[in-house]
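Numbering (our numbering), first residue to last: 39 to 302.
Here you go:
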């Protein structure tokens, strides 16, 4: 074939070479009630809907402000972390024996990784032309199983979580606000030495007696020595009793020391 002979060039393979008329789409006005102009009709509707959602969101933030908790304390081993609601199903999954402990990698990486990989490969795994769920039983069944599993795990996480303890551990204490009483502690006293020797006391109330996490600080307390001894023996609130491992005389000395931590 010689150059320039027997060859025809077109801009679109769907346009016939013999078509001499310009291939322009019809104007939207030729379809009344079925289409509209992008500017300003369509964009105006989008902006109006977006404004409604924005105003509603702002009103929600004013009515229900974000709950503020105390600053994070890496030394507080009793703090129970809780993820946002959309990760609660993964949080619950890590509580089961087959996905925690020595098998933590299965619940944290393997199972979520398989789910994400299956979702990414879905266009290649399900290439059928049908779009109705009834005509795609396997993908539909898998999707329903995933949704049901997520719902169940989220529900289990919610009903089995101690929300009262969660609320208490996030409360802002006077220590967080810098309101620690200016009380001088005699570190050479026998009561202080007894306190430091009791690991349960230090773990909850801190070595400086200002409290760990939501546990109360002992500085500035208003208890008498007898009341302190009663609390140590029998407990109070979330504090369990019978945690002191010393003698009765040491307990009495400790109670007197704690009762003396008052502002003058």
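We put the CB at the ideal spot given by N, CA and C, even for glycine.
Rounded to whole angstroms, how far is the Cβ of residue 282 from the Cβ of residue 233, which I believe are closer than 8 Å? With 8 Å as the limit, residue 282 and residue 233 do not qualify as a contact, their Cβ atoms being about 10 Å apart.
Count the other C-beta atoms from every protein chain shown that fall within 10 angstroms of the C-beta of residue 297, then say buried if there are 16 or more, exposed otherwise. Buried.
Spatial neighbours of residue 266 in its chain, beta-carbon cut-off 6 Å, leaving aside the 5 residues before and after: Cβ contact annotation for residue 266 (same chain, cutoff 6 Å, sequence separation greater than five): 293, 296, 297, in chain order.
Determine the closest residue to residue 129 out of 107, 84, 187, with distance taken between C-alpha atoms. Measuring from the Cα of residue 129, the nearest candidate turns out to be 187.
Neighbourhood of residue 165 by C-beta, 8 Å cutoff - its chain only, sequence neighbours within 5 removed: Residues of the same chain with a CB within less than 8 Å of the CB of residue 165, apart from the 5 flanking positions on each side, do not exist.
Provide the residue span of the alpha helix (DSSP H) that contains residue 233, from first to last. Boundaries of the alpha helix (DSSP H) harbouring residue 233: 228-235, taken from the DSSP string.
Whole angstroms is fine: what's the gap from residue 323's alpha carbon to residue 175's? No statement about residue 323 is possible, as the shown extent of the chain runs from 39 to 302 and does not include it.
Could you give the distance in angstroms between the alpha-carbon of residue 249 and the alpha-carbon of residue 80? Looking at the two C-alpha atoms, the distance is approximately 59 Å.
Excluding five sequence neighbours on each side, which residues of the same chain lie with their C-beta closer than 8 Å to the C-beta of residue 134? For residue 134, same chain residues with a beta-carbon under 8 Å away, outside a window of 5 residues either side, are 145 in chain order.
What residue from 263, 117, 245 has the CA that sits closest to residue 205's CA? If we check each option's Cα against that of residue 205, 117 comes out closest.
Close beta carbons around residue 121, own chain, < 7 Å, minus the five adjacent residues each side: Cβ neighbours of residue 121 beyond the five flanking positions: 129.
Same chain, Cβ closer than 8 Å to residue 132, five either side skipped, listed in chain order: Cβ within range, chain order: 138, 142, 145, 146.
Going by the DSSP bridge assignment, what does residue 86 pair with across the sheet? Under DSSP, no beta-bridge partner is assigned to residue 86.
Provide the residue(s) that pair with residue 277 in DSSP beta bridges, ordered along the chain. Partner(s): 274.
Residue 77 to residue 200, Cα distance in whole Å? Between residue 77 and residue 200, the C-alpha separation is close to 53 Å.
In chain order, each alpha helix (DSSP H) run of at least 4 residues that lies wholly inside the region 80-127: Whole alpha helix (DSSP H) segments, 4+ residues: 81-101.
What do you get for residue 255, buried or exposed, if any count of 16 or more other CB atoms within 10 angstroms of its CB means buried? Burial call: buried.
Three-way DSSP call (helix, strand, coil) for residue 262 in this model: In the three-state DSSP reduction, residue 262 falls in the coil class, being neither helix nor strand.
Please report the distance separating the alpha-carbon of residue 85 from that of residue 108. Computed Cα separation, rounded: 39 Å.
Compute the Euclidean distance between the alpha carbons of residue 99 and residue 219, then round it to the nearest angstrom. Per the coordinates, the alpha-carbon of residue 99 lies some 35 Å from the alpha-carbon of residue 219.
Closest Cα partner of residue 127 within the set 223, 221, 194: Considering only alpha carbons, the answer is 194.
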